[in-house]
Amino acid sequence: MNGLRGGQQTVWSGGVNWYPNRHFRVMVDFNHFIVSRNSNDGSVDIFGRNGNSLAARVQATF
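All residue numbers for the sequence shown refer to the UniProt record's numbering, where the first residue is 1 and numbers rise by one.
Spelled out as structure tokens, the structure:
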């Protein structure tokens, strides 16, 4: 299969949950990702990407 190129992905993530009372929950998650992708000949990481994501959510129960 000539069109396939290998690569590697690494993700570091962490999160915090906070319960201000028994009816509410606040969640925050952070991710840092490193993606490397080989060139056609498999020698150099020319397509690599790094980035971060932040997600937050508030949940209420009744």
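All residues carry an ideal CB built from backbone N, CA and C; glycine is no exception.
Shortest alpha-carbon distance to Arg37 belongs to which of Asn50, Asn21 and Asn31?
Your numbering for residue 37 matches position 37 in the sequence shown. Check the Cα spacing between Arg37 and each of Asn50, Asn21 and Asn31: the tightest is with Asn50.
For Trp18, which residues in the same chain have their Cβ closer than 6 Å to its Cβ, ignoring the five residues on either side in sequence?
Along the sequence shown, one-based indexing puts residue 18 at 18. Val26, listed in sequence order.
Given this structure, state the Cα-to-Cα distance separating Thr10 from Val35, to the nearest angstrom.
Sequence index remark: in the sequence shown, residue 10 carries index 10 (1-based). Sequence index remark: in the sequence shown, residue 35 carries index 35 (1-based). Each residue's Cα considered, the two are about 6 Å apart.
Does DSSP put Phe62 in a helix, a strand or coil?
Sequence index remark: in the sequence shown, residue 62 carries index 62 (1-based). Looking at Phe62 - three-state DSSP - the assignment turns out to be coil, as it is neither helix nor strand.
Let me know the secondary structure DSSP gives His23 once reduced to three states.
To locate residue 23, count along the sequence shown from 1; it is residue 23. Residue state, collapsed to three classes: coil.
Among Ala55, Gly48, Arg57 and Gly14, which has the Cα closest to the Cα of Gly7?
By 1-based counting over the sequence shown, the position of residue 7 is 7. Checking every option, the nearest Cα to that of Gly7 belongs to Gly48.
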